[in-house]
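According to the numbering used here, the stretch in the sequence shown is residues 3 to 131, in order. We put the CB at the ideal spot given by N, CA and C, even for glycine.
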Amino acid sequence: MGLEVLNDPPLAIAALLKSAPKPAYLIVLSSFAENGSYWCSDCRTADPYIREKFDNEEGFAKVVYAGSKAEWRDLGNPWRQAPFSVTHLPTIIKITEDKRTFERLIEDECYNQQILDAFVDVEKSGVYS
3 MGLEVLNDPP LAIAALLKSA PKPAYLIVLS SFAENGSYWC SDCRTADPYI REKFDNEEGF
63 AKVVYAGSKA EWRDLGNPWR QAPFSVTHLP TIIKITEDKR TFERLIEDEC YNQQILDAFV
123 DVEKSGVYS
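Structure representation (structure tokens):
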């Protein structure tokens, strides 16, 4: 199936996630550099872990790119603003029915298999287990 990349602005994606089946995941990565690789080293390291966890599973997981290095460093970057307020790349955001705030993994947590598994595994539905 593959992870779908969304190009919509953050507020539109927030609305989509609100109506999505729960849990829903939003994966925020750096954009690609000219060499075709993520400019963010943590994103390069996390990519295979994220793909292995989400690529061929049922459920709702989408990817967005936070921009080039210069765009990301700009404090006005739309992904740094509400509602997502991303401060580190990569970030995996989990949206659940019973929470008013987002749960998230950041940086090296995204490529720590034990932490990633515990964050994504859903006891009741088994959607991502």
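Task: Beta-carbon gap between Y27 and K96 smaller than 8 Å - done: Position 25 of the sequence shown, counting from 1, holds the residue named residue 27. Position 94 of the sequence shown, counting from 1, holds the residue named residue 96. Yes, they are a contact pair.
Open item on the list: Out of E54, L31, E105 and S43, which one is the CA nearest neighbour of V66?
Closed with: In the sequence shown, residue 66 corresponds to position 64, counting from 1. Among E54, L31, E105 and S43, the Cα nearest to that of V66 belongs to L31.
TODO: Identify whether L31 lies in helix, strand or coil by the three-state DSSP scheme.
DONE: Within the sequence shown, residue 31 is the residue found at index 29, counting from 1. Strand.
Task: 8 Å contact criterion, which F62 and P11 should meet: CB distance rounded - done: Residue mapping note: residue 62 aligns to position 60 of the sequence shown, counting from 1. Residue mapping note: residue 11 aligns to position 9 of the sequence shown, counting from 1. Not really, about 19 Å apart at Cβ, beyond 8 Å.
Task: CA nearest to the CA of T89, picked from A35, I117 and R75 - done: Numbered from 1 along the sequence shown, position 87 holds the residue referred to as residue 89. Closest by alpha carbon: R75.
Task: Nearest-angstrom Cα separation, counted from S70 out to F104 - done: Along the sequence shown, one-based indexing puts residue 104 at 102. Along the sequence shown, one-based indexing puts residue 70 at 68. Roughly 24 Å between the two C-alpha positions.
Open item on the list: Quick check on A120: buried or exposed, where buried means 16 or more other Cβ atoms within 10 Å of its Cβ?
Closed with: The sequence position of residue 120 within the sequence shown is 118, counting from 1. With fewer than 16 other Cβ atoms within 10 Å, it is exposed.
Open item on the list: So for F121, helix, strand or coil by DSSP?
Closed with: If you number the sequence shown from 1, residue 121 lands on position 119. Three-state DSSP puts F121 in a helix.
Open item on the list: I need the DSSP call for E73, collapsed to helix, strand or coil.
Closed with: As a working note, residue 73 is residue 71 in the sequence shown. Residue state, collapsed to three classes: helix.
- [ ] Go to L18, then tell me how far its alpha helix (DSSP H) extends in each direction, as first and last residue.
- [x] Here residue 18 is taken as the residue at index 16 of the sequence shown, counted from 1. From DSSP, the alpha helix (DSSP H) with L18 extends over P12 to S21.
Task: Endpoints, alpha helix (DSSP H) assigned at F56 - done: For the purposes of this step, residue 56 is taken as the residue at position 54 of the sequence shown. Note, F56: alpha helix (DSSP H), S43 to F56.
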